[in-house]
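Undergrad: Got a structure for you, written out below as structure tokens; questions coming shortly.
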Amino acid sequence: MQKTQHYVLFPNHDNAMRLYRELKKLGVRAVIAPTPRVLSTCCGVSLLVEEKDIGQIKACIGEHGIEVLKIEAIERDINPMRDKYC
Amino acid sequence: MADYRKMWEDLGMDVETHDQLCAVLPQAFGDVYLSQENRPEGMDYYNMVVADIHGIRPAELIEHQKKGGKVFGTFCVYVPDEIVFAADAIATGLCGGSQFWVPGGEKVLPTNTCPLIKASVGARIDRTCPFFRIADMYVGETTCDGKKKAWEILSEDVPVHVMNLPQMKRAKDVKAWAEEIESFKDVVEEFTGNKVTADKLTESIKLINGKRKALERLYETRKNENIPISGCDALLISQIAFYDDPGRFTQMTNKLCEELEKRIADGVSVFGAGTKRIMLTGTPLAIPNWKLHNIVETSGGAVVCEEMCTGTRYFERQVDESKETVEEQITAIAERYMGINCACFTPNEGRIDDILRLAKEYKVDGIIDVNLKFCNLYDTEGYFVERAMKDAGIPVLGIETDYTDSDAQQLRTRVSAFIEMLNN
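Line order of the protein sequences matches chains S and X.
Take the first sequence: its letters are residues 1 to 86, numbered as in the numbering used here.
Take the second sequence: its letters are residues 1001 to 1424, numbered as in the numbering used here.
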């Protein structure tokens, strides 16, 4: 299924975990996920978030001085029947 | 998105080729894991471990080495981590579960070697896995002929110590294994420069038992009628258990279990009512081998248990914590590890007993006996497994597979038909 997903990208996993913890305190949904290839050529941690929460997430980032690289939306095809493993 | 390229280059890795693995991981992970509905929140920790699997933990191991510590790479659930940690060293799993590493292994191994061995050797030879670069010493064992020869090849490139695992379970074999653990202790002491004392062993036995108890608690939740976690997720946790810091892993797994136990109390299941409960038996599924679990769970089944090295064989039974001398502790360790029922033993009726017991405990509707291609031991033992299940009236499907995607559609057809049969 093709759908738009929003990822917060970080310079390192420490900042990802900081934002993750702060968002959990606020009750904002965030899923820790590997950074999609189109957003980075390096393995790494990013946060998958919902579009409606982005304003609140930006405020949280500013309030706690968390370092992020960017928040990016991508069209992503997640298909459990694809059977392409690694 | 931390950039670990410098670390990988310093480790002498082939970073360009390694990038190809990094390229496919997010999509495969997304398909298998991020597609799931209602995943437990506690799975975020394991997501993080996978997302930076070649970054975070390798960096920790390198820090340990900078402080003078040693890292031992292991390939089998028979190698006693307790000895390694008692010498202030770290044990880390090295089993390869990706087709990405297989061609590298085939450069030096016969094609008709199991993919797990080929991938493990390929990861070292092609310099495409940081764990294989970091480990100061590899610890092999004699659990199959393919591995025995693989250690000889690897030992030309890296220090390897091989533990001679007896292949029968008589009292004298348990004694022989205790002696082998004693010799391993001597090797570890000499290599690290640290003495393995009774106090240190007491500590490490508790540390590793703690990990086993956390995994046991996780599996206990899967026995429930409402299954609070998918088999894919449980497999991922088992796979990560081999690599992660044991103390942190125990803490995070216990935290997840609290969430799962609450789900059980609230009647929450990640599967619809009546989903057929499947147990997988057989050869290990090393990370990132998620193929069969994903196929089962997208074909109308729920994997509720793995009678595998990446499953119950890894955590069942504890080492006796009451022993006070090193000699007694080593005997206790030997007894615990010799209780694991691997197909390398003869006879191995204990494994059939385990499968029958687990089938009852996890209330399974059917069993899939999985064999990694060219694993002669498990393939042959499949005869007894399938016969015993038929005698017990438990439907069983025997499957042989490898790490490639090429048989996925065929597997889907067979697994779907099997589950369809269970439904009728």
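Where a beta carbon is used, it is the ideal one built from N, C-alpha and C, also for glycine.
1. Starting from the C-beta of ARG1412(X), find all residues in its chain whose C-beta is less than 7 Å away, skip the five residues before and the five after it, and write them out in chain order.
2. Which bits of chain S does ASN1294(X) rub up against, with CB to CB less than 7 Å?
3. Using the DSSP secondary-structure output, state which residues sit across from GLY44(S) in a beta bridge.
4. Any Cβ of chain X within less than 8 Å of the Cβ of ASP83(S)?
5. Round the Cβ separation of GLY1140(X) and VAL1160(X) to the nearest angstrom and send it over; I've been treating them as touching at under 8 Å.
6. Go ahead and pull the three-state DSSP assignment for SER1120(X).
7. Is the CB-CB distance between GLU63(S) and PRO11(S) below 8 Å?
8. Are the CB atoms of ASP1405(X) and TYR85(S) nearer to each other than 8 Å?
9. Please say whether CYS1232(X) and TYR1403(X) have beta carbons closer to each other than 8 Å?
10. Pull up the DSSP beta-bridge partners for LYS1276(X), would you.
11. When you compare the segment 1093-1112 of chain X with the segment 1162-1173 of chain X, are there three or more beta-carbon pairs, one atom per stretch, that lie closer than 8 Å?
12. At 3 residues or longer, what runs of the beta strand (DSSP E) sit wholly inside the segment 1201-1288 of chain X?
13. Which same chain residues, not among the five before or five after VAL1303(X), have their C-beta less than 7 Å away from its C-beta?
14. Going by beta carbon distance, what residues of the same chain come within less than 8 Å of VAL1364(X), once the five residues before and after it are set aside?
15. Report yes or no: is there a C-beta of chain X within less than 8 Å of the C-beta of CYS86(S)?
16. Which ranges would you report for the alpha helix (DSSP H) in the segment 1137-1186 of chain X if only whole runs of at least 4 residues count?
17. Three-state secondary structure (DSSP) at VAL1050(X)?
18. Is any beta-carbon of chain X found at less than 8 Å from that of ARG94(S)?
19. Answer yes or no: does any C-beta atom of chain S fall closer than 8 Å to that of VAL1084(X)?
20. Thinking ALA1123(X) and GLY1097(X) are a contact (beta carbons under 8 Å), I'd like their distance in whole angstroms, please.
21. So what does DSSP say about LYS1373(X), is it helix, strand or coil?
22. In chain X, which residues lie with their C-beta within 9 Å of the C-beta of ILE66(S)?
TA: In short, the structure shows the following:
1. ILE1295, SER1299
2. PRO80
3. Bridge partners of GLY44(S): none, in fact.
4. yes
5. 6 Å
6. helix
7. no
8. yes
9. no
10. GLY1301(X)
11. no
12. 1276-1282
13. GLY1231, ILE1278, LEU1280, HIS1293, VAL1296, GLU1297
14. ARG1277, ILE1278, MET1279, VAL1304, CYS1305, LEU1358, ILE1394
15. yes
16. 1145-1154
17. helix
18. What the structure shows of chain S is the stretch from 1 to 86, and residue 94(S) is not part of that stretch, so it cannot be assessed.
19. no
20. The Cβ separation is near 10 Å, so there is no contact.
21. coil
22. Under the 9 Å cutoff, chain X gives no residues; its nearest Cβ is about 14 Å from ILE66(S).
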